[in-house]
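The numbering of the sequence shown is my numbering, which starts it at 544 and goes up by one.
By construction, the Cβ of each residue, glycine as well, lies at the ideal position given by its N, Cα and C atoms.
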Amino acid sequence: MAIGKLIDWMRRKPATEPLPDALWQETLAGLPFLDRLDSEEKSRLRALTEAFLAEKEFTTAGGLELTDALCVSIATQACLPILNLGLENYRDWVGIVVYPDEFVIPRVIEDDFGVVHEFDDVASGEAWDGGPVLISWRDAQMAGEGYNVVIHEFAHKLDMLNGEANGVPPLPAGLARQEWEETLLAAYDNFCTRVDAAEEHGEETELDPYGAENPGEFFAVMSETFFETPDILQENYPALYAQFCRFYRQDPACKAHP
Ligand SMILES: [Zn+2]
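Dropping the structure here:
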C-alpha cells in the first residue's frame, strides 16, 4: 500500500513549466486588481501559478475550448488568496471544471421532516469538499469590481480544510477561533440587516447581497471584496478587514492607491 501511494505521488509529481512572458502579461492586463501587487509579489504569484498549473487538472464542459489563457487566468486568481499561505492549502484534490456559462447542479436535499426534495440549482461556481472546483468562464471574466467567482470558490476551498464551509477556515497561530467568529458574525449580522433593509426599499447594497445567505457565503463574498475592492470592505467592516489581513497575510487596501 505504501508503494502504491508512492507511485501515485510520483505520477502526480508536478513538472513545472515556465509561463511564457506574453501570456503572463496578458493575464495581468486582464486582472487589473493585481496592479496592487509589487514586482516581488507578482513574481511570486507567477511562480505559484506555474506550480498550481503543474499540479491541477483543467477540463471543460459544454463545448468550451480549453485554452492556455483560460487556465492561466483562473490559476492566477486562485493563487492570489494563497500568495502568502502556500499551495498546500489546495491539497487533496486536482480538478477544475470550466463551463462556458452558468450551469445546472441537480440537488437532492432531505428536510427536517425526512422529505426528500429534488431540484435543479443554477450556479456560477461550486467547490466540492475533497473534489473539484466548478467555474463558469463567463462569470470568471467579470472579475474586477468586487465580483470574483474564482476567489469565491477558492475561499470555500480554504474554509473546507477543516470541514464544511461555515466561514471558519483553519486559522493561523495567534488568531483565536472565538475572536474570528465574533468579528465575522458581528459583521455578518450587520450585513444581513442592511440587505433586508435594502430589499424592503427596493435598493441595492454596495456589497453582494449573496453574502447574507449564511456565514460560509459571507466569508467567500467578503474575500472577493477583500482582494478586488479592499477599500470598500475596510470602510464598511474595518475589524473584519483587519482580521482578513491577518488570515491572508496581505493588506491590499494599503496599496489601493499606488
Ligand atoms: Zn459560495
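Exercise for the section: Taking only heavy atoms of ligand 1 into account, decide whether any of them is closer than 6 angstroms to the Cβ of Glu760. Expected result: yes
Handout entry: Residue burial classification, Asn691 (beta-carbon count within 10 angstroms, cutoff 16)
Key = buried
Problem - Inter-residue Cα distance where the pair is Arg789 and Pro715 - result: 8 angstroms
Exercise for the section: Can you tell me which of Trp567, Val640, Ser667 puts its alpha carbon nearest to the alpha carbon of Gly674? Expected result: Val640
Handout entry: Status (buried if at least 16 other CB within 10 Å, exposed otherwise) for Gly710
Key = buried
Exercise for the section: Could you have a look at Ile625 and say whether DSSP puts it in helix, strand or coil? Expected result: coil
Handout entry: Assigned secondary structure, Pro801 (DSSP; H/G/I helix, E/B strand, else coil)
Key = Because the pLDDT of Pro801 is 47, which lies under 50, any placement of that residue in the model is unreliable, and the number read from its coordinates should be weighed accordingly. Pro801 falls in the coil class under three-state DSSP.
Exercise for the section: Would you mind sorting Val658 into buried or exposed? The rule is 16 or more other CB atoms within 10 Å of its CB. Expected result: exposed
Handout entry: the region 790-798 touching the region 623-640, judged by at least three CB pairs closer than 8 angstroms
Key = yes
Handout entry: Extent of the continuous beta strand (DSSP E) to which His660 belongs
Key = 659-666
Exercise for the section: Check whether the Cβ of Ala683 sits closer than 6 angstroms to any heavy atom of ligand 2, and report yes or no. Expected result: This structure lacks ligand 2; its bound ligands are ligand 1.
Exercise for the section: Taking only the alpha-carbon atoms, compute the straight-line gap between Ala719 and Glu725 and give it to the nearest angstrom. Expected result: 10 angstroms
Practice task
Check whether the Cβ atoms of Lys812 and Arg579 lie closer than 7 angstroms to each other.
Solution key: The structure shown does not extend to residue 812, since the chain spans only 544 to 801, so no value can be given for it.
Exercise for the section: Have a look at Gly605 and Phe646 and give me their C-alpha separation to the nearest angstrom. Expected result: 9 angstroms
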